[in-house]
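Protein chains in written order, with the working numbering: chain A, 500 to 821; chain B, 500 to 821; chain C, 500 to 821; chain D, 500 to 821; chain E, 500 to 821. Everything below concerns the one structure shown next.
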Amino acid sequence: MALTCRLYREGKLQDSSFDPIKIGEALGQPGVLVWLDIEGPTEENMALLGKQFGFHELALEDCLHPHQRPKVEQYGTYFFLVAYGSSVSGKDLQEHEMAAFVGGNYLVTVRKEPVFDMAEVVRRWDAHSELHQEGGGYLLYILLDEMVDGYFTALELYEDLTEDIEDKVFGGGGGAEAQADIFRVKKELIMFRRSVAPLRDVLDVMQRRTLEVVTERLEPYYRDVYDHVLRTTDFVDSIRDILSSALEAHLAVVSNRLNEVMKVLTSWAAIILIPTLIAGIYGMNFVHMPELRWRFGYVYALVLMFGAAAMLYRIFKRRGWL
Amino acid sequence: MALTCRLYREGKLQDSSFDPIKIGEALGQPGVLVWLDIEGPTEENMALLGKQFGFHELALEDCLHPHQRPKVEQYGTYFFLVAYGSSVSGKDLQEHEMAAFVGGNYLVTVRKEPVFDMAEVVRRWDAHSELHQEGGGYLLYILLDEMVDGYFTALELYEDLTEDIEDKVFGGGGGAEAQADIFRVKKELIMFRRSVAPLRDVLDVMQRRTLEVVTERLEPYYRDVYDHVLRTTDFVDSIRDILSSALEAHLAVVSNRLNEVMKVLTSWAAIILIPTLIAGIYGMNFVHMPELRWRFGYVYALVLMFGAAAMLYRIFKRRGWL
Amino acid sequence: MALTCRLYREGKLQDSSFDPIKIGEALGQPGVLVWLDIEGPTEENMALLGKQFGFHELALEDCLHPHQRPKVEQYGTYFFLVAYGSSVSGKDLQEHEMAAFVGGNYLVTVRKEPVFDMAEVVRRWDAHSELHQEGGGYLLYILLDEMVDGYFTALELYEDLTEDIEDKVFGGGGGAEAQADIFRVKKELIMFRRSVAPLRDVLDVMQRRTLEVVTERLEPYYRDVYDHVLRTTDFVDSIRDILSSALEAHLAVVSNRLNEVMKVLTSWAAIILIPTLIAGIYGMNFVHMPELRWRFGYVYALVLMFGAAAMLYRIFKRRGWL
Amino acid sequence: MALTCRLYREGKLQDSSFDPIKIGEALGQPGVLVWLDIEGPTEENMALLGKQFGFHELALEDCLHPHQRPKVEQYGTYFFLVAYGSSVSGKDLQEHEMAAFVGGNYLVTVRKEPVFDMAEVVRRWDAHSELHQEGGGYLLYILLDEMVDGYFTALELYEDLTEDIEDKVFGGGGGAEAQADIFRVKKELIMFRRSVAPLRDVLDVMQRRTLEVVTERLEPYYRDVYDHVLRTTDFVDSIRDILSSALEAHLAVVSNRLNEVMKVLTSWAAIILIPTLIAGIYGMNFVHMPELRWRFGYVYALVLMFGAAAMLYRIFKRRGWL
Amino acid sequence: MALTCRLYREGKLQDSSFDPIKIGEALGQPGVLVWLDIEGPTEENMALLGKQFGFHELALEDCLHPHQRPKVEQYGTYFFLVAYGSSVSGKDLQEHEMAAFVGGNYLVTVRKEPVFDMAEVVRRWDAHSELHQEGGGYLLYILLDEMVDGYFTALELYEDLTEDIEDKVFGGGGGAEAQADIFRVKKELIMFRRSVAPLRDVLDVMQRRTLEVVTERLEPYYRDVYDHVLRTTDFVDSIRDILSSALEAHLAVVSNRLNEVMKVLTSWAAIILIPTLIAGIYGMNFVHMPELRWRFGYVYALVLMFGAAAMLYRIFKRRGWL
């Protein structure tokens, strides 16, 4: 909804709420840099962009429809870029989709809901005026750098979650929810990777300076962002591998526990059933059963039962079943 | 069966049921664009195509035999393309195979059963007359764009099914059918991917404008379709990954439940068998069994049984087995 | 053993049992095409080939030793090719290894045991005389096309077997043999893929016309065979993926069934053991057990047993254990 | 330890125990070919090589340290190669590491312990004098060919072991050791592949004749060895796939057997416990139990027990549990 | 914290604690080589580097922040490199992060905590003065070679741990901790690989001599380090494969043991329950039970029980259940 237009002349901010209607005119003047930022794009905004900048209808459509694939596309004199930022609130990860048009002396950023916070970008841009002459390319770098920095916050969250899961799997406790946790984190990582991985190709293209906006002086900066994205995907892949291993280990743990339970069951069944059998024997009604008339027959039977049980207990203990 | 031939002159529809016999003649005139559409191709149709356009016998054969691999092939002045559209009816996905011959001033579409609906393609073509001068290439773009748009409907269906499966797996309910559902969706995704993935290569070739029909003005459009196919395959791959994770989680859930059942079994077995043993003991026929003559012997025995059972119950409860 | 030599002059069969000794001489004449076919190659045959055509000793060795890897190798003016055909007899797949030497005006085919049937190749070659002037390249195309067509018969067999397996896995029946079936089909697919996949590279090389025998006019034909091989490997891969999913599903089904069996076991154990305990209680020999003297004590005990059993039955039924 | 130096002049063996000190001198003469073979290299041997041939210190170091990665490295006018041969003794596979320096007119082979047997190489070299003029390249080919031929012996061993495993998995017998066998063979294959796979790249480089020693006439020979290595890795991969499938099948078999055992357990438990309950009932001490006084009460009870057991047996039999 | 600056002139150490403030000046003189080593970098150190060498701010930032991705980056006349060394203390692996700036006549090494030990590097550098004229490139080679050599120590540790795991899995003992061990080693390998694998690309770039510092004479040395990194990643991959196989085998072993336990349980249940049933039968209170009055009825009953148990024992033994 919000639409902010900043006009810079010779690297200095001249107007922080420039009238977008006059953009087309301003772009013709030398030393001018225009940054138009749109939060929550509408059809009217897009119409304005089409009129003032002459952007291609397909790019404008992509600004309106969410869930685009990260990409960079050259259209004549400008290029169009889609990327995702991420932020963590509590234990949840939010993805912020952003589109950008970058030309020689302008940058148009289109932020879709939920909106990526730009305060830090503005601060850094104002603080590093020495690179302002590189134009929109440098501004875009700051923007991408901020987005990619957010990935590491996300990765730390996932790393923590993974360690929690490990504790659950190998801890003495239930472990029953471990599989649900593993699944949830894995699923989120699959989603996260889907929005980061294509950015790798995008930045690979940019750091090789095949696009004009990336000037020679900006090359190390773009290479740096590219390097961060590589670290991100490496990291995501290793967390996924660890989670896969954790799930396998979890399955093994569960199987092992079942074995333990079965051994305990078998052991106690035997320990209880043998005395039951003895009791059954002396419960038989035969006329001629000498033990029945023994003075300490009863005691003898109890000792027999207890002895059998104790012996079995010791056997199972020694075999490690109890 | 149905065969529709539309003749456009200078970008305007001149005849919506042109006689196909005259096509060869019409193609020689300037400013003419012919769109011949065949529903359910027959041998006679193919013979007609061979005669009027001079298409290669191998391409014509591919039009008759279903289940071709998506591809684009250059034959001298025209090229031949096979692609699949998809539509959802209820919870079932239908694939629509389509072949197309594209030349400088004609497009021949061959739709096999079940037939892909072209109404929207015709509507869009008629609505965007400004790009008619790009010829068959633009018409083909609309066609491909419509087909690829249908993929997202399919993906939404699969995403919904996947979420249903997750609920089944982690829900309290049976979960017994989860594996069949996972298998079915996975199988369909394998099939779906098989008919989409090669299209990626086809469109990659086209968007690089190595084929003449894709003019400079059409490039962004083909790039857009290509981008959508990339999103589709990314999406398919992530759903498959999620399903694999879901199945693993399902196996872990099942194993865990077995553990629970076994613990319950073991616990109750012990709780029932211990009183049974006590009953067995006092059912023995020893002459000298003092308890038997006690006034409250019976009560004492019942209390013993109940006490033992209650104690075991508490022990198992505390260990989390019940 | 059998050795057949056909001599064509200007595209027409002149001699269907040409004497192989005269081949070297015949090849020097214009308009001649020689097709020498060897069934079950022997050392003498190879010596003959070496003498008449001057083939390289390594290629001749490969003709004698079975289980070569599909390949195409350029040797000066001719090239050497190894490929596998397949045929289905009953539910079994047979692989037919074939080697071929292709030169400007000759084709030598060497068929190892079990021998691939050539009748259809001869029929097609004789029927399409219009392409005879393309020489050995066209003949080889027919041969390869026939071989590759056989793959689809094999794939249909595997597809049917896979569907049988699915029915076994998810059907009510045993499912006990499902894993053996899955294993067998998977193993055969691994073998089948091993003899098809390298052919993909072979045909990719050929359809790009880097070898002289593939003339411009033959290009679409080789591209068509290449496309069929791609379809074959795609198909094999998807069947393997489906089988893997089927096995995972099978494991889940088996685990689930175990759960069911365990629940049934636990339920019935409780239902039988509780009345047994009651019987045990009234089998105790206490002097003071009032119920024993009740007029309807026995009936009361039976009712108690039956009631307990019925109650448990209802509980388990409601929990879905029975 | 052993050091053998053979001197060939114009393709003929002139001295089979040439003094290595004179090598440097001999290499300067035309038509000379020196083959120096070292078994179990020592530091002194390496110093000799450094002095006579001027080999690089890094290559010489690699000759002394075992477990190098198969590779081919160009050093100025000569190249250095590491490869592994294999031989089977009983059911065990032995790997033979070998390093080689190849120059225009010399070949130095360094064989580490356990030493690869060269008798066949010498025999073949002496038998094919027609290619002696290709120099060290041809000798190296024979050597590599012998090494790679040994791979097939290894593969046959693994194939046999895999078939034994299949029999164990699906055979009626225990199957308990199947997993240990699968693991052992898999582990060996991983090791084996590690020493073969890099050789593929080595030979790919050589068969493209990017190294001078591979002359035009030798090209088909190197291509042949390359082809054999490809077959080897294909074969290893398919055996590994088969073993993976076998292990999955084994897990399914084990799970299924557990199911069978559980059904048997459940069935027999019920068949035994029902008569036990009946016996318990007639063991109750109620005063008023009419059956107890029936003339054929006992028989009736036994019939009841037997009948119940028989009925249950039939039910379980029909459900396929027994 | 520690900062050591060594000044070499014409390949000889002139000052082992050169004042870093004068570096800028010294670099201008011919024949000079400066090695500045920083242990535990601080902001002030970085400011010094920026001033004396003019390094890029992004590279300096990377020196301060840990966990960079291994990389090599060209910045005008110098290049910046990040790599990881590793050392083993007890059973734990430590990773040592290091950054380096390499120019024509200087090398700056920045070692982060825990600090990699440089003593051996200094020793080797001093010992091989013949290559000093290659400048920083040779010094860097020694450094990388030492780091990579540490990898093999790590790999031996992992290989030992893997063999311990195998013993646990297939040994008669518990095996219960095997899964935790497998998981831990796997996780460490994933981490280890993440810090080694990118180094492969770094060294691939360097050994191709696309960077000026790697002179022709140094090429074999860099190729050697590259080869060692390849061996490392090959080795890591094979250990991971072996661990995966071990876990699968472990799961199979656990499943098999469960089967064994269940068979034992079923067998003993039957062996105990049948005599219990017999005892129950002769505990019934029927008036007319002839056996009860037999003289040796009791003995007969005991024999019956013992006989039934013995028979069952034999049956189960024969079926391999006990």
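Yeah, the Cβ is synthetic: ideal placement off N, Cα and C, and Gly gets one too. If you're wondering where the values come from, they're calculated on a predicted model, not measured in any experiment.
Exposed unless 16 or more other CB atoms sit within 10 angstroms - verdict on residue i
i         : result
Pro789(B) : exposed
Glu572(E) : buried
Lys667(E) : buried
Ser754(C) : buried
Ser766(A) : buried
Contact with chain D by residue i, beta-carbon distance below 8 Å
i         : result
Phe552(C) : no
Tyr574(C) : yes
Leu803(C) : no
Ser754(C) : yes
Glu747(E) : yes
Leu660(C) : no
Opening and closing residue of the beta strand (DSSP E) in which residue i lies
i         : result
Thr775(A) : Taken as a continuous stretch (DSSP letters only), Thr775(A) belongs to no beta strand (DSSP E), being part of the alpha helix (DSSP H) at 718-780.
Phe600(C) : 591-601
Ser628(D) : Here Ser628(D) belongs to no beta strand (DSSP E), and DSSP marks it neither H nor E.
Ile520(D) : It is not in any beta strand (DSSP E) - Ile520(D) carries neither H nor E in the DSSP assignment.
Test: residue i CB closer than 8 Å to a CB of chain E
i         : result
Pro774(D) : yes
Lys667(D) : no
Val760(D) : yes
Arg693(D) : yes
N-terminal and C-terminal residue of the alpha helix (DSSP H) that residue i is part of
i         : result
Lys511(C) : Element bounds for Lys511(C): not the alpha helix (DSSP H) but the beta strand (DSSP E), 511-514.
Asp666(A) : 635-669
Val533(B) : Not the alpha helix (DSSP H): Val533(B) falls in the beta strand (DSSP E), residues 531-538.
Ala501(A) : Where Ala501(A) is concerned, there is no enclosing alpha helix (DSSP H), given that its DSSP letter is neither H nor E.
Minimum Cβ-Cβ distance from residue i to chain A less than 8 Å
i         : result
Ile689(B) : no
Trp767(E) : yes
Pro697(B) : no
Of the listed residues the options, nearest to residue i (C-alpha basis)
i         : options                                    : result
Lys816(D) : Lys762(D), Leu776(D), Ala751(D), Ile771(D) : Lys762(D)
Tyr583(B) : Thr576(B), Tyr574(B), Lys570(B), Asp591(B) : Lys570(B)
Leu547(D) : Gln528(D), His564(D), Asp518(D)            : Asp518(D)
Val647(E) : Arg693(E), Ser744(E), Leu526(E), Val724(E) : Val724(E)
Tyr640(D) : Tyr721(D), His566(D), Asp666(D), Ser628(D) : Tyr721(D)
Thr576(E) : Tyr605(E), Val728(E), Ala525(E), Thr765(E) : Tyr605(E)
Arg568(A) : Gly523(B), Tyr650(B), Arg730(B), Arg813(B) : Arg730(B)
Short CB-CB distance (under 8 Å) between residue i and chain B
i         : result
Gly741(C) : Inspection of the sequence shows that residue 741(C) is occupied by Ile rather than by Gly. So, interface residue.
Cβ-heavy atom distance, residue i to the ligand NAD, below 7 Å
i         : result
Leu502(C) : Looking for the ligand NAD in the displayed structure turns up nothing, as the structure carries no ligands at all.
Within 8 Å, do at least three Cβ pairs link the segment 800-810 of chain A to the segment 778-786 of chain B? yes
Check whether the segment 686-702 of chain D and the segment 649-661 of chain D touch, using three or more Cβ-Cβ pairs below 8 Å as the test. yes
Pair every Cβ in the segment 692-704 of chain B with every Cβ in the segment 600-619 of chain B, then say whether three or more of these pairs are closer than 8 Å. no
Does the contact criterion of 3 or more C-beta pairs under 8 Å hold for the segment 706-722 of chain D versus the segment 630-646 of chain D? In short, these stretches touch, since the Cβ pair count reaches three.
Say whether the segment 593-607 of chain A touches the segment 735-755 of chain A, bearing in mind that this needs 3 or more beta-carbon pairs closer than 8 Å, one atom from each stretch. no
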